[in-house]
Every structure is written in C-alpha cells, then in structure tokens.
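Position 237 (the sequence shown) corresponds to 237 in full-length UniProt numbering; numbering is contiguous.
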Amino acid sequence: MVEAHATPATPFFPLTGLHKYIAIFLVVLSWILVHKWSRLRKQKGPRSWPVVGATMEQLRNYHRMHDWLVEYLSKHRTVTVDMPFTSYTYIADPVNVEHVLKTNFTNYPKGDVYRSYMDVLLGDGIFNADGELWRKQRKTASFEFASKNLRDFSAIVGFGVEIGTLSPDLPENSFAQAFDAANIIVTLRFIDPLWRLKRFFHVGSEALLEQSIKLVDEFTYSVIRRRKAEIVEARASGKQEKLGEAGEESGGLGDDKSLRDVVLNFVIAGRDTTATTLSWFTYMAMTHPDVGEKLRRELCAFEAERAREEGVALVPVAGAGDDDDVAFAARVAQFASLLSYDSLGKLVYLHACVTETLRLYPAVPQDPKGILEDDVLPDGTKVRAGGMVTYVPYSMGRMEYNWGPDAASFRPERWINDDGAFRNASPFKFTAFQAGPRICLGKDSAYLQMKMALAILCRFYRFQLLEGHPVQYRMMTILSMAHGLKVRVSRAV
Ligand code: HEM
C-alpha cells in the first residue's frame with residue numbers, strides 16, 4: 001500500500017524571514033512605482049518617466065523651449081513637467097496667474113531653489129530677493145521711478161560710465177560677453193540635474209560660469225571703486241553737486257558687494273530688457289511693411305503738428321538718398337527736440353506697436369516662483385511645497401484662449417479702441433511686465449526710452465533684414481536674439 005502524503009505546496013524557493021521582508025518590500029515598491037507612474041502619465045504635460053521625469057524631452061527641446069511650452073500650453077492651460085527631484089508647473093491662464101502673482105502672493109516668493117541657481121549672478125539684488133530684503137530695495141528703487149523723475153528723462157541706471165558698446169565699429173565688449181555667458185549658464189541650471197557636480201569639479205558649463213563671473217566682477221568692482229574715488233575727491237574739494245544725483249545717492253558709499261549686486265540687477269532689468277525689445281520691434285516692423293508705413297505716417301504727422309505747436313519751421317531735407325549729411329543730422333536733431341514726455345503720449349500707434357511686440361516677444365519669457373506651502377490653483381491643479389510654478393508670458397501672448405483666433409499674428413490694431421485711444425489689457429493676461437506687488441518698476445521708464453529711440457529710428461530710417469540672417473532667441477532669462485539682428489539701413493526722409 002502506498003501511503004499518500006498530502007504535502008503542503010512548496011514555494012518555488014523557501015521564504016526565510018529575511019526573504020519575506022524583501023518580497024514584501026518589492027511588492028510595495030512596485031505598487032508605489034506603478035501608481036506614481038500612472039498618475040504621472042495622466043498628468044497634463046510631457047510624458048514622465050520614473051526617476052528622470054521629463055528631463056530627456058526637456059533637454060532635447062531646450063533650444064526651443066518657449067515654443068515647446070506653447071505647444072503644450074495651447075492644449076492645456078496648466079502643464080506639469082517632472083524633473084528628478086522637483087516638478088515645474090507652467091501656467092498660462094490669467095485666473096491662475098492672478099492667484100500666484102497677487103491673491104496668494106506670499107506663498108509664491110522667488111524661493112530658495114531659484115535663489116540657489118541665480119545667486120552667483122544676482123547676489124542679493126532685487127531680482128533675487130524676498131521678504132524684508134526685497135521690500136527695502138523695492139522702496140528705494142521706487143523713488144527713482146517716480147513720475148517726476150521720468151518727466152526730465154533722468155531715469156539713468158547702470159554703471160554711470162560709457163562702456164562703448166555703440167561705437168561705430170561695433171567692438172566686442174568682454175564685459176557684455178561674459179555677462180551674457182553667465183546669464184545663459186545660470187538659466188541652464190534649471191534643467192541640468194548635474195550642475196552642482198560640475199561646479200564641484202569645476203568642469204563644463206560651470207567652469208565657464210566661474211570664468212565669466214570673475215570677468216563680470218572685476219569690471220563691476222573696478223567701476224564701483226572708480227566712482228567711489230570720484231565722490232570722495234569731489235567731497236574733499238566741495239564740488240559734490242557736479243556729480244549729480246548718483247553722487248548724492250552713494251552718499252553712504254555702501255559696501256562694494258551690495259553695490260555690485262544692485263548694478264548687475266539693474267543692468268538686466270534696465271538694459272537687457274529694453275535692448276532686446278528694440279530688436280524684436282525692429283524685426284516685426286521690417287517683416288510687416290504695412291505696419292512700418294503706418295508708423296511712419298503717424299510720426300510724420302506728429303512732427304508737423306509739434307512744429308506747428310512750437311512755431312518752428314522744419315529743416316528742409318531733399319529726400320531719400322540725399323547726401324547732405326548736415327541737413328539730415330539737423331532735421332533728426334530738430335525732431336528729437338520736439339519729443340517730450342507729454343507729446344510722446346500722442347503716439348498711440350507707436351505705443352501699440354511696442355506693446356504688440358512685447359505680447360509676442362516678452363523680454364522676460366518665463367518667470368518662475370517658488371512654492372512655500374501646498375496649494376490648489378483656481379483651475380484645480382495641486383502644487384506642492386518645494387516645487388516651482390512659472391507664469392509664461394511668451395506662451396500667454398500666443399494662446400487663442402487669451403487673445404482670440406489671431407493670437408499668433410502681429411496686429412498692433414488690437415490695442416486701439418474705435419475712438420483711437422490705447423486699449424489696456426489686464427496685467428494678468430498681458431504679463432510682459434509681471435503683475436501684482438512685484439510688477440516691473442521700470443515699465444513707464446521703459447516705454448519712454450523705447451518710444452523716444454523708436455520714434456527717431458522709424459521716422460528717419462528704413463530697415464531691411466540681411467538676407468539669410470537667422471532670427472532666433474537663445475535660452476537665458478531674457479529673450480535675446482541668438483545671432484543679433486543684422487539689417488541694412490537706409491534713410492527715409
Ligand atoms: C521692455 C522693458 C521691460 C520689461 C519687459 C520688464 C519686465 C519685467 C518683469 C517681467 C519683471 C519681473 C521679474 C521677476 O519677477 O524677477 C520686472 C521687474 C523689475 N523691473 Fe522691469 N522690465 C522692463 C524694463 C525695466 C526697466 C527699464 C527698469 C528700470 C531700470 C526695470 C526695473 C525693474 C525692477 C527694479 C524690477 C524688480 C521689481 C521687484 O522685484 O519688485 N524694468 N520687469
């Protein structure tokens with residue numbers, strides 16, 4: 001007789017105590033990964049993979065990142081991009097933008113992450129500051145931009161010395177080059193998970209950053225020391241009033257590092273933004289000849305009216321191609337003298353062209369904010385403390401849900417009412433100058449300077465894009481042109 005033993009089913013391999021724990025751990029881990037992954041895959045935005053998130057897609061599209069975001073944000077008004085240790089939420093809906101920039105402002109400071117990326121360039125300057133440090137600088141700077149100062153065009157910022165970038169032979173300026181290189185590299189940090197490692201070993205982009213910052217600092221500190229010496233000397237000889245406002249403000253002669261931070265932040269705020277806008281404006285006017293012509297008509301009518309108001313006769317100039325340089329220069333100078341703070345307000349079409357340029361080519365194309373505490377945006381998107389939420393002016397200007405079916409077209413007329421007056425848009429929809437408590441302090445000053453320069457340029461010159469010249473942006477905090485803008489210039493009288 002054969003005895004049948006009911007043997008218990010033996011596992012494929014016997015589970016000892018330790019194996020059991022490992023098995024349980026693996027099951028739980030797979031469950032978490034599968035759930036997280038399926039949640040990520042449902043997310044609105046680029047496909048996300050475990051551990052690396054969307055880094056690969058983002059790196060592949062980095063050179064065209066603003067347009068890559070346009071593609072996603074036109075499908076979803078809010079897009080989440082996962083990165084290895086954080087996630088970025090991009091917003092283009094004015095309702096969400098108002099929440100972040102105003103309604104719940106205190107929850108969305110620049111934050112520690114932004115600060116750690118930008119510290120080497122911006123230091124403690126206003127762009128990189130939160131809390132009391134920001135409030136103090138904002139208060140000081142806002143006196144500078146009071147409208148009484150703008151009236152006499154005295155909004156001069158930066159070095160207070162001529163750095164020669166406009167010399168006729170367009171010299172390479174080593175400060176400007178190093179400054180741009182530094183800006184490009186700190187921007188790259190936002191999507192480069194290895195930047196800290198590179199910095200530690202002084203290799204690659206971080207090594208170049210180190211060199212660039214050294215050059216920027218050497219130049220800036222030398223200017224600061226020179227200006228301080230001039231002030232001290234002027235005080236000693238009792239001639240301080242000759243140095244004007246700049247001398248008075250440096251009365252306390254603050255420490256060199258703080259002055260360095262203020263200067264560099266204002267070079268970005270005041271120079272790079274307006275310079276880049278002038279380039280995009282010129283590009284738009286050239287590639288939309290009807291706009292260029294309409295603008296010239298407005299400027300000619302303005303010139304005639306202002307001359308009548310002032311009771312002066314316009315300097316006669318023969319015509320295009322005329323080689324009477326003296327008469328031409330005199331006419332340009334006369335036109336410039338007819339421009340004033342108040343009269344610039346009459347140039348509604350010019351104002352609309354500048355604004356339309358900024359809608360499509362905002363000088364600050366994306367602007368990230370830190371997240372202090374978990375929050376829910378008005379559209380229901382959850383954002384987590386420690387992450388970042390970015391409003392995207394470049395995308396916002398191109399969204400049909402914000403501007404209608406012709407959102408992508410350059411059409412200054414959209415800014416003009418039937419009665420011919422300028423039509424404003426909500427700053428939470430037209431976000432080129434940010435909005436809320438940190439709205440750009442230099443907005444009026446920027447319009448004033450740009451309109452003065454453009455009125456003269458567009459009244460007296462025609463621009464033609466050099467054939468084959470590539471016009472593209474490059475990735476940095478400012479939407480500057482990767483290859484500059486090469487144009488052929490001719491007189492238009
Ligand atoms: C086309 C011209 C300009 C544009 C599009 C522009 C845009 C902006 C934007 C988007 C911000 C917010 C940046 C951030 O959150 O970090 C900003 C801030 C600022 N802008 Fe402008 N800006 C322009 C010109 C100027 C000029 C000419 C000045 C003055 C020299 C200036 C001074 C400032 C300052 C001081 C801030 C910091 C405000 C704060 O954080 O409280 N801007 N600007």
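All C-beta atoms, glycine included, are put in the ideal place defined by N, C-alpha and C.
query = Nearest CA to the CA of D119: which residue from R138, I213, Q137?
reply = Stepping through the sequence shown from its first residue, residue 119 is reached at position 119. If we check each option's Cα against that of D119, I213 comes out closest.
ask   = So is the beta-carbon of V392 under 7 Å away from any non-hydrogen atom of the ligand HEM?
value = As a first step, residue 392 must be located in the sequence shown, where it is residue number 392. Not so, every heavy atom of the ligand HEM lies at least 7 Å from the Cβ.
query = Are the Cβ atoms of T86 and G386 separated by less than 8 Å?
reply = Within the sequence shown, numbered from 1, the residue matching residue 86 stands at position 86. Within the sequence shown, numbered from 1, the residue matching residue 386 stands at position 386. Yes, the pair counts as a contact, with Cβ atoms nearer than the cut-off.
message = Only counting the same chain, and skipping five residues up and downstream in sequence, which positions put a Cβ closer than 8 Å to that of T274?
response = In the sequence shown, the residue the question calls residue 274 occupies position 274. So the qualifying residues of the chain are A363, A446, Q449, M450.
key: Contact set for T187: own chain, Cβ-Cβ below 8 Å, skip 5 residues either direction   = Counting from one through the sequence shown, the residue named residue 187 turns up at place 187. Closer than 8 Å at the Cβ level, and outside the excluded window around T187, lie M475, M476, T477.
query = For the ligand HEM, any of its heavy atoms closer than 7 Å to the Cβ of V267?
reply = Mapped onto the sequence shown, residue 267 falls at position 267. Because no heavy atom of the ligand HEM lies under 7 Å away, the Cβ of V267 does not count as near it: no.
task = Evaluate P289 with the Cβ neighbour count: other Cβ atoms within 10 Å of its Cβ, from every protein chain shown; 16 or more gives buried, anything less gives exposed.
result = If you number the sequence shown from 1, residue 289 lands on position 289. That one is exposed.
query = Which parts of the region 302-381 are runs of the beta strand (DSSP E), unbroken and 3 residues or longer, counting only runs that do not cross its ends?
reply = 367-370
task = Return the residue from the list A492, Q472, V493 that minimises the CA-CA distance to K486.
result = The residue labelled residue 486 in the question sits at position 486 within the sequence shown. Comparing Cα-Cα distances from K486 to each of A492, Q472, V493, the minimum goes to Q472.
request  = Kindly list the residues whose CB is nearer than 8 Å to the CB of L69, restricted to its own chain and excluding five residues on each side of it in sequence; keep chain order.
outcome  = Taking the sequence shown and counting its residues from 1, one reaches residue 69 at position 69. Result list for L69: V79, Y90, Q366, V392, Y394, S395, in chain order.
Enclosing beta strand (DSSP E) for residue 529 [first to last residue] = The chain is shown only over 1 to 493; residue 529 falls outside these bounds and no answer can be derived.
query = When we look at the beta-carbon of D406 and count the other beta-carbons within 10 Å, is it buried (16 or more) or exposed?
reply = Working through the sequence shown from its first residue, we reach residue 406 at position 406. By the beta-carbon neighbour count (other beta carbons within 10 angstroms, threshold 16), D406 is exposed.
query = Taking C-alpha atoms, which residue in L59, I231, K257 lies nearest to G123?
reply = Counted from its first residue, the sequence shown places residue 123 at position 123. Nearest option by C-alpha distance: K257.
ask   = Within the present structure, is the beta-carbon of P362 separated from the nearest heavy atom of the ligand HEM by less than 7 Å?
value = For the purposes of this step, residue 362 is taken as residue 362 along the sequence shown, with counting starting at 1. True, at least one ligand heavy atom lies under 7 Å from that Cβ.
query = Short check: CB of I231 to CB of F335, under 8 Å?
reply = As a first step, residue 231 is located in the sequence shown; it is residue number 231 there, counting from the start. As a first step, residue 335 is located in the sequence shown; it is residue number 335 there, counting from the start. F335 is positioned such that its CB atom lies no closer than 8 Å to that of I231.
Residues of its chain near P378, where Cβ-Cβ distance is below 7 Å and the 5 sequence neighbours each way are ignored = One-based indexing of the sequence shown puts residue 378 at position 378. Result list for P378: V95, N96, H99, in chain order.
ask   = Just reading off the beta strand (DSSP E) that F463 is part of, what are its end residues?
value = Residue numbering aside, residue 463 sits at position 463 when the sequence shown is read from its first letter. It spans 461-465 - the beta strand (DSSP E) in which F463 sits, taken as one unbroken run.
ask   = Mind checking Q211: buried by the 16 CB within 10 Å criterion, or exposed?
value = Here residue 211 is taken as the residue at index 211 of the sequence shown, counted from 1. With fewer than 16 other Cβ atoms within 10 Å, it is exposed.
query = Is the region 262-280 in contact with the region 348-364, if contact means three or more CB pairs nearer than 8 Å?
reply = yes
inquiry  = Are there any heavy atoms of the ligand HEM lying less than 7 Å away from the beta-carbon of C440, as far as the coordinates show?
reply    = Counting from 1 along the sequence shown, the entry for residue 440 is found at position 440. Because some heavy atom of the ligand HEM lies under 7 Å away, the Cβ of C440 counts as near it: yes.
query = Smallest Cα separation from V354: which of V27, L33, F460, M284?
reply = If you number the sequence shown from 1, residue 354 lands on position 354. Among V27, L33, F460, M284, the Cα nearest to that of V354 is on M284.
ask   = What number of angstroms, rounded off, separates the C-alpha of G311 from the C-alpha of E293?
value = Start at 1 with the first residue of the sequence shown, and residue 311 comes out as number 311. Start at 1 with the first residue of the sequence shown, and residue 293 comes out as number 293. Roughly 27 Å separates the two Cα atoms.
task = Could you tell me how far apart the beta carbons of A352 and W415 are, in whole angstroms, since I believe they sit closer than 8 Å?
result = Numbered from its first residue, the sequence shown carries residue 352 at position 352. Numbered from its first residue, the sequence shown carries residue 415 at position 415. That pair is a contact at about 4 Å.
ask   = Which residue comes first and which comes last in the alpha helix (DSSP H) that contains V389?
value = In the sequence shown, counting from the first residue as 1, residue 389 sits at position 389. In the DSSP annotation of this structure, V389 is not part of any alpha helix (DSSP H); the continuous beta strand (DSSP E) holding it starts and ends at 388-391.
ask   = In angstroms, rounded to a whole number, what distance separates the CA positions of V113 and F430?
value = Counting from one through the sequence shown, the residue named residue 113 turns up at place 113. Counting from one through the sequence shown, the residue named residue 430 turns up at place 430. Going from the Cα of V113 to the Cα of F430 covers about 26 Å.
ask   = Under a three-way DSSP split, which group does M286 fall into?
value = Within the sequence shown, numbered from 1, the residue matching residue 286 stands at position 286. Of the three classes helix, strand and coil, the one that applies to M286 here is helix, per DSSP.
ask   = What distance in whole Å lies between the Cβ atoms of K110 and D93, which are believed to be in contact at a cut-off of 8 Å?
value = As a position in the sequence shown, residue 93 is number 93, starting the count at 1. As a position in the sequence shown, residue 110 is number 110, starting the count at 1. Going by Cβ atoms, the distance from D93 to K110 rounds to 22 Å, so no, they are not a contact pair.
ask   = Within 7 Å: the Cβ of A285 and any heavy atom of the ligand HEM?
value = What you label residue 285 is simply residue 285 of the sequence shown in a count that begins at 1. Every heavy atom of the ligand HEM is 7 Å or more from the Cβ of A285, so no.
ask   = Any idea what DSSP makes of Y108, helix, strand or coil?
value = Working through the sequence shown from its first residue, we reach residue 108 at position 108. Y108 falls in the coil class under three-state DSSP.
query = On the three-state DSSP scale, how would you describe T187?
reply = Counted from its first residue, the sequence shown places residue 187 at position 187. Helix.
task = Go through its chain and collect everything with a Cβ distance to H483's Cβ below 6 Å, but skip five positions before and after it.
result = Counting from 1 along the sequence shown, the entry for residue 483 is found at position 483. Contacts found: P470.
inquiry  = Rounding to the nearest angstrom, what Cα-Cα distance links S205 and I268 in this structure?
reply    = Here residue 205 refers to the residue found at position 205 when the sequence shown is read from its first residue. Here residue 268 refers to the residue found at position 268 when the sequence shown is read from its first residue. Rounded to the nearest angstrom, the two C-alpha atoms are 21 Å apart.
ask   = Between which two residues does the beta strand (DSSP E) harbouring Y401 extend?
value = For this step, residue 401 is matched to residue 401 along the sequence shown. No beta strand (DSSP E) holds Y401; the alpha helix (DSSP H) holding it covers 400-403.
ask   = When we look at the beta-carbon of L18 and count the other beta-carbons within 10 Å, is it buried (16 or more) or exposed?
value = As a position in the sequence shown, residue 18 is number 18, starting the count at 1. Exposed, because fewer than 16 other Cβ atoms sit within 10 Å of the Cβ of L18.
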